[in-house]
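Peer 1:
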């Protein structure tokens, strides 16, 4: 059928429930071979018909699944630690799906989106409740520090996160070493940094950048009334 409609034959991917983003990949492959599938359906009985409405529904599903598929691919491709990206990634995806819920184009999949948001929030709160590492790793990023949380979180959440960070700091803090030892450690750190490769842009970096820039703009206005 692919040859008849002049498109490249591709293997139809399966939706594997235990494989992240497999449904999105399946739908993407389906649309690439739509002409061949429509041609095949002309020869099938009524049980295998796909109407224009069915294709529209598939397209809505594909759009809704696009964002989590990008998120999964981003985390899978990166070879450096990604702990510091976990909280912003959860928050961006939740915000994205919540905006879809209120959009008329996604009315047919509203129930699925609501269920997905509920599940995302469950794991988001699980991350927040089980470890302080996700908060601390983002705050220790020298380009972001605590600015993201000051913008995205309310004051109570922010203060609780900082309290946990201070508790971990107090637990592991050690007095400074001698000057010679410190210089030796600094030289070793510089050698490691210079030999490392540039870290690639990760999932929705602009979401974090926007929060930082918003805070900086407010600070600028406040200091120059």
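Residue numbers (the working numbering): 157 to 381.
Beta carbons: idealized from backbone N, C-alpha and C, even for Gly.
Note the first and the last residue of the continuous alpha helix (DSSP H) segment covering residue 273.
Peer 2: 266-286 is the extent of the alpha helix (DSSP H) around residue 273.
Peer 1: Cα-Cα, which of 246, 271 and 301 is closest to residue 368?
Peer 2: Ranking the options by Cα distance to residue 368, first place goes to 301.
Peer 1: Tell me whether residue 290 is buried or exposed, calling it buried when 16 or more other Cβ atoms sit within 10 Å of its Cβ.
Peer 2: Flag for residue 290 reads buried.
Peer 1: If we ignore side chains and look at the alpha-carbon of each, how far apart do residue 265 and residue 216 end up?
Peer 2: Computed Cα separation, rounded: 8 Å.
Peer 1: I'd like the list of long-range same chain contacts for residue 375, defined as Cβ closer than 7 Å, with 5 residues on each side in sequence excluded.
Peer 2: Answer for residue 375: no residue qualifies.
Peer 1: Run through DSSP, which three-state label would residue 310 get?
Peer 2: Residue 310: coil per DSSP, three-state reduction.
Peer 1: Of the choices 205, 308 and 295, whose alpha-carbon is the least far from that of residue 324?
Peer 2: It is 295 whose Cα lies nearest to the Cα of residue 324.
Peer 1: Which value, in whole angstroms, describes the spacing of the CA atoms of residue 331 and residue 298?
Peer 2: Their Cα atoms are separated by approximately 22 Å.
Peer 1: On the DSSP letters alone, give me the boundaries of the alpha helix (DSSP H) that residue 253 sits inside.
Peer 2: Where residue 253 is concerned, the enclosing alpha helix (DSSP H) stretches over 242-257.
Peer 1: Residues in its own chain within less than 7 Å of residue 363 by CB, not counting five upstream and five downstream?
Peer 2: Excluding residues within five positions, the ones whose Cβ falls inside 7 Å are 244 and 248.
Peer 1: What three-state label does DSSP hand residue 261 in the structure shown?
Peer 2: Residue 261: helix per DSSP, three-state reduction.
Peer 1: Between the alpha carbons of residue 219 and residue 242, how many angstroms are there, rounded?
Peer 2: When rounded, the distance between both Cα atoms is 22 Å.
Peer 1: Please report how far the alpha carbon of residue 175 lies from the alpha carbon of residue 181, in whole angstroms.
Peer 2: Their backbone Cα atoms lie some 10 Å apart in a straight line.
Peer 1: Less than 7 Å between C-beta atoms, sequence neighbours within five positions excluded: which residues of the same chain meet that for residue 205?
Peer 2: 197.
Peer 1: Roughly how many angstroms separate the alpha carbons of residue 389 and residue 269, rounded to a whole number?
Peer 2: Because the chain spans 157 through 381 in this model, residue 389 falls outside it and cannot be assessed.
Peer 1: In three-state DSSP terms, what is residue 213?
Peer 2: Here residue 213 sits in helix by DSSP.
Peer 1: Measuring alpha carbon to alpha carbon, tell me which of 246, 263 and 310 ends up nearest residue 283.
Peer 2: Minimum Cα distance to residue 283 is reached at 246.
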